[in-house]
Every structure is written in structure tokens, then in C-alpha cells.
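A.B. asks: Could you have a look at this structure, given as C-alpha cells, before my questions?
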Amino acid sequence: MIIAIDGPSGAGKSTVAKAVARELGFSCLDTGAMYRAVAWRALQDGVALDDCDALGNLARTYDIAFAHEAGEPVPRRVSIGGVDVTDAIRTAEIDRAVSPVSAAPTVRAALVEQQQRIGRAGDYVVEGRDIGTTVFPEAPVKVFLTASAEERAHRRVRQNVDRAVGSIDFDEVLADIRRRDELDSSRATSPLRPADDAVHLDSTGHYIEDVIDEICALARQKGADGGEGERA
């Protein structure tokens, strides 16, 4: 079974997807980390972020891998071309670079193929921007998770403080989130939008545990029978 969770930057998709995966005994796939890894590689190699052909070549050339700890469904580390970039892809620089990279049709074609191959190998919670519309339109559970821009900016600042990576200036983070919303929703290839049959969840002012419980309930209605896992 595929559980597709889409939504804008900072909506809490990664946190929710990991918790749902643990609760149901599914694996988890963070597609955003894949686009961030390609963006990191592009910056390292000096590839222009508007060079669609060169970006697509990067996405096809470098393998992106996720490392799991024994018995843990949620990956702890991500690498591209054998280089661990888990922390490097969570900087403000990558925040700015990932939207143009992910908008490149050549990059999306290469990574969507990888994502489909991974997801079809088992039960996965897959989160991103176009999972329910493009990557797994046949997914039985589709969720569009959002929150106000201000709420998302506050969350991102707290997250950046906790991990000591990225900007902690609220106005800067808010401006970046609004910029990414506009870029992601207006790109020509696989723009950010809810699938027609997606369940809309707005987490503004709500406990994240309530969102997790609602998605797990939706999955169980569709036949997921995972046991009671340890919540993140």
C-alpha cells in the first residue's frame, strides 16, 4: 500500500510521514530529500540551476540512497554518489536552490522513476509535492497537508534551532516559504496541487498527533493492518 502525503514546504510532512510509517509498520520515503540532494550536487559541481539538461544528467548519474538502522522503517541518513549529505541538504542555501532544481522536467523524470521503483517494492508512506498527482496517482490513501505560512515559518525556525542548521530569522524564513509556495505551485511540470481525491488536512493550531491519528485511521479504513508502533 502507498500512503501519499503532499503539501507545501514546512507543513510537517516529514514529521507526520515518519510517525505514520512507524505506527503502521510501513517504510518511509522522503522525496524532498532526493531533490535536495540533487540541488546540493549541482552547487558542488558548479552546475547552473537553470541548466535543465545538466541537472537532469546529475539526477540520472548519481545514485541517491537512504540508510536505515536495523529494524527502523524510517531512514536516518541520505547520500548521493556515496557522499552523506543528511545535514548538508538542510541549509538555507539548499532551501533556495531546491525549487529551481525540482522544477526541471529532466530532474523530475529521473527521480519520479526512482521513487516509483522504490515505492512499488513494499508498503510505503511517501511524502512530497506531487506524490498523489504524478508519482503514485493510484495510491489508495492521499492526503494534502497544509498550514498557514506563518505557522510553517515558526515551525521551520524551531526546527532549525533544534538541529543548528538553517536560518533562525523568522522574517527570512517566512519570505522563503512564500517564495517556495509560489515557485512550487506555478511550475510547468508537476506543480504543487492536491489530487482530486485527496483528503485535505490543515494542521494550523492543531497537535501533530491528531494529524498522525487521522492519517492512520484513513489507512486502516483502506486495509492497512500495521501494529502499534513507537511514535516519533
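Just so we're aligned: the sequence shown equals residues 223 to 454 in this note's numbering.
Note that the Cβ used here is the ideal one computed from N, Cα and C, for glycine as well.
Return the residue from the list Trp262, Gln266, Ala243, Leu251 that minimises the CA-CA distance to Gly350.
C.D. replies: Comparing Cα positions, the closest option is Leu251.
A.B. asks: For Thr283, count neighbouring C-beta atoms within 10 Å of its own C-beta (all shown protein chains included) and say buried if the count is 16 or more, exposed if not.
C.D. replies: Burial call: exposed.
A.B. asks: Run the CB neighbour count on Glu360, radius 10 Å, all protein chains shown included, and call it buried at 16 or more, exposed below.
C.D. replies: Classification of Glu360: exposed, given that the 10 Å Cβ count is below 16.
A.B. asks: Would you list the residues sitting across from Val307 in a DSSP beta bridge?
C.D. replies: None; Val307 has no bridge partner.
A.B. asks: Using a threshold of 8 Å, state whether the C-beta atoms of Thr253 and Gln338 are closer than that.
C.D. replies: Cβ distance not < 8 Å, so Thr253 and Gln338 don't count as in contact.
A.B. asks: Compare the Cα-Cα distances from Thr328 to each of Ala226, Thr411, Ile437, Asp424 and report the closest residue.
C.D. replies: Here the closest residue by C-alpha is Thr411.
A.B. asks: Looking only at C-alpha atoms, which of Val421, Ala420, Asp403, His422 sits nearest to Pro413?
C.D. replies: Out of Val421, Ala420, Asp403, His422, Asp403 has the C-alpha closest to the C-alpha of Pro413.
A.B. asks: List the residues that DSSP assigns as beta-bridge partners of Ile224.
C.D. replies: Note: Ile224 sits in a beta bridge opposite Tyr346.
A.B. asks: Reducing DSSP to helix, strand and coil, say where Lys235 ends up.
C.D. replies: Of the three classes helix, strand and coil, the one that applies to Lys235 here is helix, per DSSP.
A.B. asks: Mind checking Glu245: buried by the 16 CB within 10 Å criterion, or exposed?
C.D. replies: Classification for Glu245: buried.
A.B. asks: Indicate whether Val379 and Val395 have their beta-carbon atoms separated by less than 8 Å.
C.D. replies: Yes, the pair counts as a contact, with Cβ atoms nearer than the cut-off.
A.B. asks: By DSSP's criteria, Lys364 is part of a beta bridge. Which residues make up the other side?
C.D. replies: Its beta-bridge partners are Ala226.
A.B. asks: At the level of alpha carbons, what is the spacing between Ile311 and Arg299?
C.D. replies: So the alpha carbons of these two residues sit roughly 11 Å apart.
A.B. asks: Between Gly234, Ala319, Asp384, which has its C-alpha nearest His428's C-alpha?
C.D. replies: The candidate whose alpha carbon is nearest that of His428 is Gly234.
A.B. asks: Under 7 Å from any heavy atom of the ligand GDP, does the C-beta of Asp432 make it?
C.D. replies: You won't find the ligand GDP in this model; it holds no ligand whatsoever.
A.B. asks: Between Val334 and the rest of its own chain, which residues show a CB-CB distance below 7 Å, the 5 nearest in sequence each way excluded?
C.D. replies: Answer for Val334: Thr356, Val357, listed in chain order.
A.B. asks: Which partner residues does Asp424 have in the DSSP bridge list?
C.D. replies: Its beta-bridge partners are Thr368.
A.B. asks: Pull up the CB-CB distance for Ile399 and Gly232, whole angstroms please, since I reckon it's below 8 Å.
C.D. replies: Their Cβ separation, rounded to whole angstroms, is 5 Å, which keeps Ile399 and Gly232 in contact under 8 Å.
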